[in-house]
Amino acid sequence: MGEVVGAGLIAHVPTIVLPETIRRELNNGEDTTLVSGLQQLRREVFDVLDYDTVVVLDSHWATTVEWVVTAQDRRSGLFTSEELPRGMERRPYDFPGDPELARLVASKGPENSTWITAIDDHSLPIFYATTNVWEYLGRGLPDKRWISIGVCQTADGEDALRLGRALGAAIAESDRKVLLVASGAMSHTFWGLRQLRDHEAAGVEHIFSPEAAAADAERIGWFKNGDHARVLDTMDEFYRFKPEARFQHYLMMIGALGEGDCTAPGRQYGEYENSIGTGQVHLWFDRPEGGFPAARATPTDPDYVRQMGGTGADVPAAG
Numbered sequence: 000m001g002e003v004v005g006a007g008l009i010a011h012v013p014t015i016v017l018p019e020t021i022r023r024e025l026n027n028g029e030d031t032t033l034v035s036g037l038q039q040l041r042r043e044v045f046d047v048l049d050y051d052t053v054v055v056l057d058s059h060w061a062t063t064v065e066w067v068v069t070a071q072d073r074r075s076g077l078f079t080s081e082e083l084p085r086g087m088e089r090r091p092y093d094f095p096g097d098p099e100l101a102r103l104v105a106s107k108g109p110e111n112s113t114w115i116t117a118i119d120d121h122s123l124p125i126f127y128a129t130t131n132v133w134e135y136l137g138r139g140l141p142d143k144r145w146i147s148i149g150v151c152q153t154a155d156g157e158d159a160l161r162l163g164r165a166l167g168a169a170i171a172e173s174d175r176k177v178l179l180v181a182s183g184a185m186s187h188t189f190w191g192l193r194q195l196r197d198h199e200a201a202g203v204e205h206i207f208s209p210e211a212a213a214a215d216a217e218r219i220g221w222f223k224n225g226d227h228a229r230v231l232d233t234m235d236e237f238y239r240f241k242p243e244a245r246f247q248h249y250l251m252m253i254g255a256l257g258e259g260d261c262t263a264p265g266r267q268y269g270e271y272e273n274s275i276g277t278g279q280v281h282l283w284f285d286r287p288e289g290g291f292p293a294a295r296a297t298p299t300d301p302d303y304v305r306q307m308g309g310t311g312a313d314v315p316a317a318g
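For what it's worth, numbering that gives the first Met the number 0 labels the leading residue of the sequence shown as 0, then goes sequentially.
This is the structure:
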């Protein structure tokens with residue numbers, strides 16, 4: 000029987016893969032603590048914990064008609080970002096995948112009234128929300144498998160929780176020990192092009208608005224106290240500050256960890272920092288004694304049954 004042995008909300012900003020000299024130029028002579036935070040997380044967790052597979056919940060990979068999970072036996076190549084090719088150019092990546100777990104996740108779609116497809120096409124693009132965190136947390140650990148699941152641009156919060164429930168159920172049915180990485184930001188409004196070069200430093204004063212910084216700080220406090228239920232209950236309020244990918248990376252993660260039943264407190268690595276207006280932080284949730292709560296069941300959705308052309312008999316009951 001498999002389980003999640005750790006999970007984190009992790010920043011992946013392009014700055015972290017720039018040379019240190021450039022990082023310091025952008026930040027008034029100081030280096031970003033997002034780098035030292037990742038280095039510490041690597042030493043304290045990824046280098047020492049017993050795990051088989053890392054699942055990245057990738058806020059940059061947006062699908063449209065279904066959730067997609069990578070199922071290649073291996074992913075390797077050179078990554079140049081279409082968004083920021085000057086800062087992320089021909090960066091090598093190379094890691095084994097986990098096709099068995101990917102297909103198991105996809106198989107849990109129907110019982111959670113959602114659509115999940117495992118794709119093993121080696122031409123499938125990769126995104127820096129995966130590669131940037133792998134460079135810090137996975138490079139040099141050749142036996143650790145990495146797979147990614149994209150966000151879905153037509154999905155709402157409930158849909159993201161359903162994906163998380165499917166992921167949690169698949170992990171529990173597997174023989175894998177898994178780390179979950181929700182790769183993405185908190186509040187996520189960029190400064191405009193004519194202003195953003197005045198706001199490249201890491202200081203909180205450069206977050207797009209004081210209200211956005213305050214909303215992030217409030218939730219970071221809740222995360223540290225393990226109050227995931229409150230984060231979930233106030234998502235509509237948080238949407239005012241445009242969290243990255245509608246916070247689907249976090250919602251998928253917490254869906255796998257029992258949603259409001261999860262009370263795992265977060266440990267912060269590095270400081271809360273700005274990235275041209277957006278709020279960035281690394282928070283890690285250790286496995287509680289006795290394990291994370293089981294993923295909740297999704298009640299059968301009549302709309303899903305109708306769209307699948309069934310009567311309900313072909314969809315497994317919740318429970």
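Think of the CB as a built atom: it goes at the ideal place given N, C-alpha and C, for glycine as much as any other residue.
Proximal residues to residue i (C-beta, below 7 Å), its chain only, five neighbours per side dropped
i      : result
ARG23  : GLU29, ASP30
ASN224 : PRO264
GLY202 : ASN273
ILE118 : VAL67, THR69, ALA70
GLU199 : LEU25, ILE275
Coil, strand or helix - residue i by DSSP
i      : result
GLN267 : strand
ALA312 : Low confidence applies here, because ALA312 scores a pLDDT of 39, under 50, leaving its location unreliable; read the following figure in that light. Residue state, collapsed to three classes: coil.
ILE15  : helix
PRO91  : strand
THR20  : helix
ALA317 : Residue confidence for ALA317 is low, a pLDDT of 40 falling below 50, so the modelled location carries little weight; the figure read from the coordinates is stated next. Note: ALA317 maps to coil in three-state DSSP.
ALA154 : coil
GLY1   : coil
HIS248 : helix
PRO109 : helix
ARG193 : coil
PRO124 : coil
ALA293 : coil
GLY139 : coil
GLY257 : coil
PRO242 : strand
HIS227 : helix
LEU83  : coil
Selected residue, minimal CA-CA separation from residue i, among the options
i      : options                        : result
GLU243 : GLY36, ARG89, GLN306, TRP60    : TRP60
ARG102 : ARG138, LEU166, ASN224, SER274 : LEU166
SER274 : ILE15, MET0, PHE291            : ILE15
THR116 : GLU99, VAL132, THR129, GLU217  : GLU99
ASP158 : ASP142, PRO18, GLN247          : GLN247
GLY290 : GLU272, ILE9, VAL12, CYS261    : CYS261
VAL304 : GLY108, ARG175, ILE21          : GLY108
LEU140 : PRO13, GLY191, MET252, PHE45   : PHE45
GLU236 : ALA211, SER122, PHE284, ASP197 : ALA211
TYR249 : GLY76, GLY149, SER122, ARG90   : GLY149
GLY7   : LYS143, LEU178, MET307         : LEU178
ASP97  : HIS205, ASP72, ARG90, HIS121   : ASP72
ASP142 : PHE126, GLU172, TYR127, PHE94  : PHE94
HIS121 : ARG74, GLU81, GLY156, ALA154   : ARG74
PRO124 : SER173, GLY76, LEU40, GLU43    : GLY76
ARG41  : ASN27, SER80, TYR127, ARG138   : ARG138
TYR238 : GLY156, GLU172, GLU88, ASN27   : GLY156
In DSSP terms, what residue i is bridged to
i      : result
TRP66  : ILE115
THR277 : SER274
ILE9   : SER182
GLY76  : TYR92
GLU204 : In DSSP, GLU204 forms no bridge with anything.
THR52  : ARG144, VAL177
PRO301 : Note: PRO301 sits in no beta bridge, so no partner.
Integer Cβ distance of residue i from residue j, believed to fall under 8 Å
i      : j      : result
GLY269 : SER58  : The Cβ separation is near 19 Å, so there is no contact.
GLY257 : ALA293 : 6 Å
VAL4   : TRP145 : VAL4 to TRP145, Cβ: 15 Å. No contact.
ARG175 : GLY1   : 4 Å
TRP133 : TYR92  : 6 Å
THR69  : GLN152 : Actually they do not touch by this definition, with Cβ atoms about 18 Å apart.
ASN111 : THR297 : 4 Å
ALA184 : ALA10  : 6 Å
LEU195 : GLY86  : Not really, about 14 Å apart at Cβ, beyond 8 Å.
Cut-off 6 Å between Cβ atoms - residues of its own chain near residue i, not counting five sequence neighbours on either side
i      : result
VAL55  : THR129, SER147, VAL180, SER182
PHE189 : ILE275, GLY276
PHE207 : THR188, GLY276
GLY254 : LEU160, GLY163, ARG164
ALA169 : LEU103, VAL104, LYS107
TRP114 : GLU65, GLY108
ARG266 : TRP283
LEU83  : PRO13
PHE324 : Only positions 0 to 318 of the chain appear in the structure, and residue 324 is not among them; the question remains open.
ARG218 : VAL230
ARG245 : none
ARG90  : PHE78
GLN39  : TYR268
Within-8 Å CB hit, residue i to chain B
i      : result
GLU134 : You won't find chain B in this structure, because it holds only one protein chain.
Neighbourhood of residue i by C-beta distance below 8 Å, restricted to the same chain and skipping five residues each side
i      : result
TRP221 : HIS227, ARG229, VAL230
ASP49  : VAL4, LYS176
ARG286 : GLU2, VAL3, VAL4, GLY5, ALA263
LEU37  : ILE9, ILE15, VAL132, TYR135, LEU136, TYR268, GLY269, HIS281
GLN279 : ALA10, VAL12, LEU33, ALA184, MET185, TYR271, GLU272, ASN273
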